[in-house]
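Working notes for the structure below.
Protein chains: 2
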Amino acid sequence: MVRKTLSVKKTAGRGRPSRSEDQPNYKEVILDGAEGLFAQHGFYGVSTRQVAVEAGIDVALVHYYFGTKRGLFDAVFLRRAEILNAARLASLDAYERDNAGALTAEGAIAAFVHPLIDASLTGGPGWKSYFALVAQVNNTPAWGGATMTRFFDPVVHRLIDVLSLALPDAQENELYWGYQFLTGAMTLCLSETGRIDLLSNGACHSNDLEAIRNRLTGYCAAGFRALVESQRPTAAVSPT
Amino acid sequence: MVRKTLSVKKTAGRGRPSRSEDQPNYKEVILDGAEGLFAQHGFYGVSTRQVAVEAGIDVALVHYYFGTKRGLFDAVFLRRAEILNAARLASLDAYERDNAGALTAEGAIAAFVHPLIDASLTGGPGWKSYFALVAQVNNTPAWGGATMTRFFDPVVHRLIDVLSLALPDAQENELYWGYQFLTGAMTLCLSETGRIDLLSNGACHSNDLEAIRNRLTGYCAAGFRALVESQRPTAAVSPT
DNA sequence: GTCTATAACTGGATAGAC
DNA sequence: GTCTATCCAGTTATAGAC
Numbered sequence: 326m327v328r329k330t331l332s333v334k335k336t337a338g339r340g341r342p343s344r345s346e347d348q349p350n351y352k353e354v355i356l357d358g359a360e361g362l363f364a365q366h367g368f369y370g371v372s373t374r375q376v377a378v379e380a381g382i383d384v385a386l387v388h389y390y391f392g393t394k395r396g397l398f399d400a401v402f403l404r405r406a407e408i409l410n411a412a413r414l415a416s417l418d419a420y421e422r423d424n425a426g427a428l429t430a431e432g433a434i435a436a437f438v439h440p441l442i443d444a445s446l447t448g449g450p451g452w453k454s455y456f457a458l459v460a461q462v463n464n465t466p467a468w469g470g471a472t473m474t475r476f477f478d479p480v481v482h483r484l485i486d487v488l489s490l491a492l493p494d495a496q497e498n499e500l501y502w503g504y505q506f507l508t509g510a511m512t513l514c515l516s517e518t519g520r521i522d523l524l525s526n527g528a529c530h531s532n533d534l535e536a537i538r539n540r541l542t543g544y545c546a547a548g549f550r551a552l553v554e555s556q557r558p559t560a561a562v563s564p565t
Numbered sequence: 326m327v328r329k330t331l332s333v334k335k336t337a338g339r340g341r342p343s344r345s346e347d348q349p350n351y352k353e354v355i356l357d358g359a360e361g362l363f364a365q366h367g368f369y370g371v372s373t374r375q376v377a378v379e380a381g382i383d384v385a386l387v388h389y390y391f392g393t394k395r396g397l398f399d400a401v402f403l404r405r406a407e408i409l410n411a412a413r414l415a416s417l418d419a420y421e422r423d424n425a426g427a428l429t430a431e432g433a434i435a436a437f438v439h440p441l442i443d444a445s446l447t448g449g450p451g452w453k454s455y456f457a458l459v460a461q462v463n464n465t466p467a468w469g470g471a472t473m474t475r476f477f478d479p480v481v482h483r484l485i486d487v488l489s490l491a492l493p494d495a496q497e498n499e500l501y502w503g504y505q506f507l508t509g510a511m512t513l514c515l516s517e518t519g520r521i522d523l524l525s526n527g528a529c530h531s532n533d534l535e536a537i538r539n540r541l542t543g544y545c546a547a548g549f550r551a552l553v554e555s556q557r558p559t560a561a562v563s564p565t
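As structure tokens, then:
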């Protein structure tokens, strides 16, 4: 609580600032605290004061760094989105490169999903908060659709591309519907709400992401194939 | 805005109050307004004052009827949950009765999902708001899991029962995982966030629930079967 | 950069008149 | 039942000292 006003600039003066122990680096500390709180209670359920208390600093500093509360929220959302997008694009690229000619829906979905599961499993608690936040945004009617679009569309279009190579008979709109179902299932799983623990009376656990990893992939891949098989003649390739 | 203080008690004095035009029935009016606002902005994003304005009455009346803001929220959530649960239990019962011996995953899922889609399509705008609300609660880490459990567990267990008849080889935990994926996809679809419209550049529409009806059912049924086929030997029936 | 202090306002909730 | 009036804790945000 009681912070000592340490004016020590930095001790290790080699390379880029290591910022481990010596220097506060409040910007990151604020983001970490805000991330956890927003994930738990949503944008409106958290005050900038709570964020300040969580970070062990004063409210004014929050505004100094991020301007407005919305600015803080966007910064929280953007920070890990950039990391995720890079990891997922690389994963999809690698999958397509290493399996050219033998692409499957399973493989494409796995390349899309596994980076998230890996981050949640090994990236530390901040990632768990982040995924809980994404799940909420994904299900927010007022501005959720637009926000998800703004931050995640490129990587989703990349997934759709790979999927259309794996399922060459698929109509485009079927792939979008399949993705809609996938993202609903995926974001709910990653947010670890504890719902399935209660429902299953302990047989399944929200935080058992290893149990989810292959099940979700196989489930959705089978779903995509079912969509293709019973494809409606909607707006098929109009013959010329 | 300017409400006339009509002290007319009721005109048609036959049977149960008809409450169409003559009598206000503020309790329902408040619930309707609150439902729409909560659906759009979440619990913390709405003030009781906004609810009062929306309903065309004073704040004090909100507290008179519902005590606290949380009490109002719970009342909103409960009102349609009861209707839905009754409809879905009847739907599952009818399906099991009329198809004994030929139960399928498709059929069970359809019986579980169609009442919701029907309500959204033909029940009026209040239902659309309600489903948006459910999607948010389903993805709320702090108290979402517990709330969903409290209101919807019985009907979900009924679905699991019918599914285990349709998929007799399925282990129980696989059915719970399959349901987790199903509910994530379903609640996101029903909340109509507009995300897929933007993503698909107009090829698909969030509000096209008829497009979703059979696709979601087939997708998830195929997913359930995939789970059963690649079943892990976890805690299989221990032989005695 | 970081804090103190405060402006300007909104929040949930209630007491009491009618 | 319904409204007016009000309490006061808590909100975002900023000005200005250090």
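From first to last, the protein sequence lines stand for chains A and B. Start counting the first sequence at 326; every next residue gets the next number (the numbering used here). Start counting the second sequence at 326; every next residue gets the next number (the numbering used here). Ideal placement from N, C-alpha and C gives every residue a C-beta, glycine not left out. In this text, all values refer to a predicted model and were calculated from it rather than measured experimentally.
| Would you report the Cα separation of Thr508(B) and Asn532(B), rounded to the nearest angstrom? | C-alpha separation (whole angstroms): 18 Å.
| query | How about Arg413(B): is its C-beta nearer than 8 Å to some C-beta of chain A? | reply | No, because no Cβ of chain A sits closer than 8 Å to the Cβ of Arg413(B).
| request: Could you pull the start and end residues of the alpha helix (DSSP H) that Ser525(B) belongs to? | output: No alpha helix (DSSP H) contains Ser525(B), which DSSP labels as neither H nor E.
| task | Report the residue ranges of all alpha helix (DSSP H) runs contained in full by the region 364–429 of chain B; include only those spanning at least 4 residues, in chain order. | result | When DSSP assignments are scanned along the region 364–429 of chain B, the uninterrupted stretches of alpha helix (DSSP H) that are 4 or more residues long and fall wholly within it turn out to be 373–380, 384–391, 394–423.
| query | Along chain B, which residues have their Cβ under 9 Å away from the Cβ of Pro558(A)? | reply | Near Pro558(A) there are no residues of chain B at all, since even the closest Cβ is about 13 Å away, more than 9 Å.
| task | Can you have a look at Ala510(A) and say buried or exposed, based on whether 16 or more other CB atoms are within 10 angstroms of its CB? | result | Its Cβ being crowded by 16 or more others within 10 Å, Ala510(A) is buried.
| Quick one: which chain B residues come within Cβ less than 7 Å of Asp399(A)? | Those do not exist, as Asp399(A) stays about 17 Å from chain B at its closest Cβ, beyond 7 Å.
| Skipping 5 residues on each side, what residues in its chain have a beta carbon closer than 8 Å to that of Ser345(A)? | Residue placement at Ser345(A) is poorly supported in this model, since its pLDDT is 49, which falls under 50; the coordinates still yield a value, given next. Result list for Ser345(A): empty, nothing under 8 Å.
| query | Near Ala377(B), which residues of its chain fall below 6 Å by C-beta distance, leaving aside the five closest residues on each side in sequence? | reply | Answer for Ala377(B): Asp383, Val384, Val387, listed in chain order.
| task | Find the nearest neighbour of Pro493(B) within the set Gly469(B), Phe549(B), Val481(B), judged by alpha-carbon distance. | result | Measuring from the Cα of Pro493(B), the nearest candidate turns out to be Phe549(B).
| said: Starting from Pro450(B), trace the alpha helix (DSSP H) in both directions and tell me its first and last residue. | reply: DSSP places Pro450(B) in the uninterrupted alpha helix (DSSP H) bounded by 450–463.
| Classification of Arg422(B) by the beta-carbon crowding that lies within 10 angstroms, buried from 16 upward | Taking a 10 Å sphere around the C-beta of Arg422(B), we find fewer than 16 other C-beta atoms and assign the residue as exposed.
| message | Whole angstroms are fine: how far does the CA of Glu379(A) sit from the CA of Glu554(B)? | response | Spanning the two alpha carbons is a distance of roughly 47 Å.
| query | Going by alpha carbons, who is nearest to Ala405(B) out of Val371(B), Phe391(B), Leu458(B)? | reply | The sequence given here has Arg at residue 405(B), not Ala. Per the C-alpha coordinates, the member of Val371(B), Phe391(B), Leu458(B) positioned closest to Arg405(B) is Leu458(B).
| Does Tyr501(B) have its Cβ less than 8 Å from a Cβ in chain A? | Closer than 8 Å: yes.
| field | Contact under 8 Å by Cβ, Tyr501(B) with Ser525(A) | value | Between Tyr501(B) and Ser525(A), the C-beta gap is smaller than 8 Å, which places the two residues in contact.
| In terms of residue numbering, what span does the alpha helix (DSSP H) encompassing Gln556(B) cover? | Per DSSP, Gln556(B) lies in no alpha helix (DSSP H) segment and is marked neither H nor E.
| task | Could you tell me which chain A residues have their CB closer than 7 Å to the CB of Gln365(B), listed as they occur along the chain? | result | Within chain A, the residues near Gln365(B) are Pro466, Ala467.
| message | Could you check whether the Cβ of Gln375(B) sits closer than 8 Å to any Cβ belonging to chain A? | response | No, because no Cβ of chain A sits closer than 8 Å to the Cβ of Gln375(B).
| request: Answer yes or no: do Leu488(B) and Ala435(B) have a C-beta to C-beta separation smaller than 8 Å? | output: Not closer than 8 Å, so no.
| How about Ser454(B) and Ala364(B): do their beta carbons lie closer than 8 Å? | The answer is yes: Cβ separation under 8 Å.
| said: In whole angstroms, give me the CA-to-CA distance for Thr472(B) and Ala536(B). | reply: Roughly 29 Å between the two C-alpha positions.
| said: Closer than 8 Å between beta carbons: that is the criterion. Which residues of the region 505–516 of chain A meet it against chain B? | reply: Cβ contacts with chain B come from Gln505, Phe506, Leu507, Thr508, Gly509, Ala510, Met511, Thr512, Leu513, Cys514, Ser516.
| message | So that I know if they touch, is there some Cβ in chain A lying closer than 8 Å to that of Thr393(B)? | response | No, Thr393(B) lies away from the interface with chain A (no Cβ there is under 8 Å from its Cβ).
| Ala536(B) Cβ short of 7 Å to the ligand MN heavy atom set | Annotation note on the ligand MN: not contained in the displayed structure, which lists no ligands.
| said: Cβ closer than 9 Å: which chain B residues qualify as neighbours of Arg405(A)? | reply: Under the 9 Å cutoff, chain B gives no residues; its nearest Cβ is about 16 Å from Arg405(A).
| request: Please report the Cβ distance between Thr518(B) and Gly470(A), rounded to the nearest whole angstrom; I am assuming they are in contact, meaning their Cβ atoms lie under 8 Å. | output: Confirmed, about 4 Å.
| said: At the level of alpha carbons, what is the spacing between Pro342(B) and Val354(B)? | reply: Unreliable positioning characterises Pro342(B) in this predicted model, as indicated by a pLDDT of 49, which lies under 50. The coordinate reading is nonetheless provided below. Whole-angstrom Cα-Cα distance: 15 Å.
| request: Would you tell me roughly how many angstroms separate the C-alpha atoms of Ile442(A) and Arg483(A), rounded to the nearest one? | output: Straight-line spacing of the CA atoms in Ile442(A) and Arg483(A) works out to 19 Å.
| On the premise that Ser445(A) lies in contact with Leu534(A), defined as a C-beta separation below 8 Å, what is that separation, rounded to the nearest angstrom? | Taking 8 Å as the upper bound for CB-CB distance, Leu534(A) and Ser445(A) are in contact here, some 6 Å apart.
| request: Alpha carbon to alpha carbon, how far is Gln496(A) from Lys394(B)? Give it in angstroms, no decimals. | output: Looking at the two C-alpha atoms, the distance is approximately 47 Å.
| task | Give the secondary structure of Phe549(B) by DSSP, where H, G and I count as helix, E and B as strand, and everything else as coil. | result | In the structure shown, Phe549(B) sits in a helix (DSSP, three-state: H, G or I).
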